[in-house]
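Working notes for the structure below.
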Amino acid sequence: DEPEDLDEPEDLDEPEDLDEPEDLDEPEDLDEPEDLDEPEDLGEPEDLDEPEDLDKSNNYNDFNAADDIEKEVIKVDLKEYTAIEENRIFETEVPSIEEIWPPKVLEIIKFVDKEDNPFFDICKDDDSELLEGIDYLINKALEKQKIDNKEKMFTIPGYDLTLVLATNHNDKLKLWERRNNLGAVMFSQNKENWNALVLKYNADNNLIDVEEVEITKDSFDPVDWKFVVSTGNRLKKV
């Protein structure tokens, strides 16, 4: 058999036209912001009143009872007041020299010329530790001298001064030896002049005489200066 004729496909409807989208309203214009009012001008700050001057006399009276003080002063007779003050001055305890300087130091001061003496300058500097050290060394030297009967000497640093504890042997040889030894100390300190105090004590270790000695490089003759240099160089090595 012949195949059956198929029906023609039905025509599909044309798609419906979609509505155009509605036009949105234009956004409303926002109002311009209102101008803010300018801040009000504040008035210039008022000048503060100057503080009232306080009555100084009243203020002083409040805190110091000046009136009472004044009354007391008026009651005091000037002459009587002066006498009272003078008594206070004389009754005030001032430390004596004996309390300030050690005994052996004080003994020396009583002998030396206070106007122009390096030892007195040391005491005026009031270095208590140094003064105590000098007192100690003198006492130790006297102890040793009792045993060996030889001269002792020591130098006070920074003052160009040597203290010599002499013996009773003051012959020419001993004096020459002492002078050369002092010159050697001077040379070892790179100085050209030097001072010394020769101290003489009795058997009870009481000071009985002080001799002030000043030497210079030029005071030595060439022969003695050789001894000075030789001994001085040995001192430099100590």
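Using my numbering, read the sequence shown as starting at 193 and increasing by one per residue. Glycine included, every Cβ here is placed at the ideal spot set by N, Cα and C.
Does the count of Cβ pairs from the stretch 361-381 and the stretch 403-416 closer than 8 Å reach three? yes
Expressed to the nearest angstrom, what Euclidean distance is found between the alpha-carbon atoms of residue 428 and residue 333? Position 236 of the sequence shown, counted from the start, is the residue given in the question as residue 428. Position 141 of the sequence shown, counted from the start, is the residue given in the question as residue 333. Distance between the alpha carbons of residue 428 and residue 333: 22 Å.
Considering residue 333, what are the terminal residues of the alpha helix (DSSP H) in which it resides? Walking along the sequence shown from the start, residue 333 turns up at place 141. That run of the alpha helix (DSSP H) goes 320-340.
Apart from the five residues on each side of it in sequence, which residues of its chain come closer than 6 Å, Cβ to Cβ, to residue 370? Looking up residue 370 in the sequence shown gives position 178. Around residue 370: no qualifying Cβ.
Contact between the stretch 316-336 and the stretch 344-356: three or more CB pairs below 8 Å? yes
Could you give the first and the last residue of the continuous alpha helix (DSSP H) run that contains residue 368? Position 176 of the sequence shown holds residue 368. Counting along the chain, the alpha helix (DSSP H) containing residue 368 begins and ends at 364-380.
On a Cα-Cα basis, can you pick out the residue from 315, 324, 303, 396 that is closest to residue 335? Counting from one through the sequence shown, the residue named residue 335 turns up at place 143. It is 396 whose Cα lies nearest to the Cα of residue 335.
Straight-line Cα distance separating residue 354 from residue 388: One-based indexing of the sequence shown puts residue 388 at position 196. One-based indexing of the sequence shown puts residue 354 at position 162. Distance between the alpha carbons of residue 388 and residue 354: 5 Å.
Use the C-beta contact count for residue 425: other C-beta atoms within 10 angstroms, 16 or more gives buried, fewer gives exposed. One-based indexing of the sequence shown puts residue 425 at position 233. Exposed is the call here.
Quick one: what does DSSP say residue 402 is sitting in, helix, strand or coil? By one-based count along the sequence shown, residue 402 stands at place 210. Strand, per DSSP.
Leaving out the 5 sequence neighbours to the left and right, which residues in its chain are closer than 7 Å to residue 375 when beta-carbon positions are compared? On the sequence shown, position 183 is the one that residue 375 refers to. Excluding residues within five positions, the ones whose Cβ falls inside 7 Å are 407, 412, 420.
Going by the CB atoms, is the gap between residue 399 and residue 300 shorter than 8 Å? Counting from one through the sequence shown, the residue named residue 300 turns up at place 108. Counting from one through the sequence shown, the residue named residue 399 turns up at place 207. Taking 8 Å as the Cβ cut-off, residue 300 and residue 399 qualify as a contacting pair.
In or out: residue 360 buried (at least 16 other Cβ within 10 Å) or exposed? Start at 1 with the first residue of the sequence shown, and residue 360 comes out as number 168. So residue 360 ends up on the exposed side.
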